[in-house]
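J.: I'd like to ask some things about the structure below.
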Amino acid sequence: MSAGGEHVRLYGWWSGLGPVMPHDSFPADCSLCHKGGNWQDLKDDFQFDHKSETGLELQGAHARAQCLLCHNDRGPVQVFQAQGCAGCHEDIHIGQFARDCTECHGENTWRPFGQVELHNQTRFPLVGRHATASCRACHLGNEVGRFTPVDTACLSCHRADLAATDSPNHNGLGWVDRCDRCHIPTSWHQAQVAP
């Protein structure tokens, strides 16, 4: 029996006790990839071409990830199905947004892109300084990735700014709403006061 066949047979026999041959589709010579001893550590000069070996090309953050991030105690070699992002990643938005994560996220970083354009489809389009604010600047107290609607009135975020304004005294003059009559969203300090 060949060495590979022997490993397949042993793998099947020991499968209830943990992996003796954890990579049933790879060469039987563990030293090609692993340091001796416990066979857990990879060689310092280890190179693995995921696409040529598995048919799946890893891109972006997936290509930089440690093998054990995906190939762990879920099985000898995790079999990944074509489930998209949800096959591995939790939907932290709990269904608030589209199931296609790539509409907002790329593979290089999980930080969303195009959020201003997406937010502009809501009842509060982001313009001026609002377009550069972080999501958490307005969506206070929300869990990461989950956004509850917020009050769109200027005072809901800028009450302290209004209270600190004394030249002119906005509260004394009754100027406590409709800030956009005088102020523009690119700069709070530039105001056009009507005569």
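Residue 112 in this note's numbering sits at position 120 of the sequence shown, and the numbers go up by one each step. Heads up, the beta-carbon is just placed ideally off N, CA and C, and yes, glycines get one too.
1) Do Thr94 and Ala53 have their C-beta atoms closer together than 8 Å?
2) What is the rounded straight-line gap between the Cα of Asp153 and the Cα of Pro141?
3) Alpha carbon to alpha carbon, what distance is there between Val108 and Asn163?
4) Give me the residue from Trp167, Thr144, Ile86 and Gly47 with the minimum Cα distance to Glu135.
5) Just checking His162 against the ligand MG - is the residue's beta carbon closer than 7 Å to any of the ligand's heavy atoms?
6) Are Cys146 and Cys130 closer than 8 Å when you measure CB to CB?
7) What does Asp158 pair with, by DSSP beta-bridge criteria?
8) Leaving out five residues before and five after Gln88 in sequence, what residues of the same chain have Cβ atoms less than 8 Å from its Cβ?
9) What whole-angstrom Cβ distance do His26 and Asp33 have, given they're in contact under 8 Å?
10) To the nearest angstrom, how far is the alpha carbon of Arg173 from that of Gly106?
T.: Well, looking at it:
1) It is not a contact, given that the beta carbons lie outside the stated cut-off.
2) Cα-Cα distance, rounded: 22 Å.
3) Put simply, the backbone Cα of Asn163 is about 32 Å away from that of Val108.
4) When only C-alpha atoms are compared, the closest one is Ile86.
5) Ligands in the displayed structure: none, and consequently the ligand MG is not present.
6) In this structure, Cys130 does not lie closer than 8 Å to Cys146 by Cβ.
7) Asp158 pairs with Asn161.
8) Excluding the 5 residues flanking it on each side, Gln88 has same chain C-beta neighbours closer than 8 Å at Arg138 and Phe139, in chain order.
9) About 7 Å separates the beta carbon of His26 from that of Asp33, a gap short enough to meet the 8 Å contact definition.
10) Each residue's CA atom was taken as its position, placing Arg173 and Gly106 some 29 Å apart.
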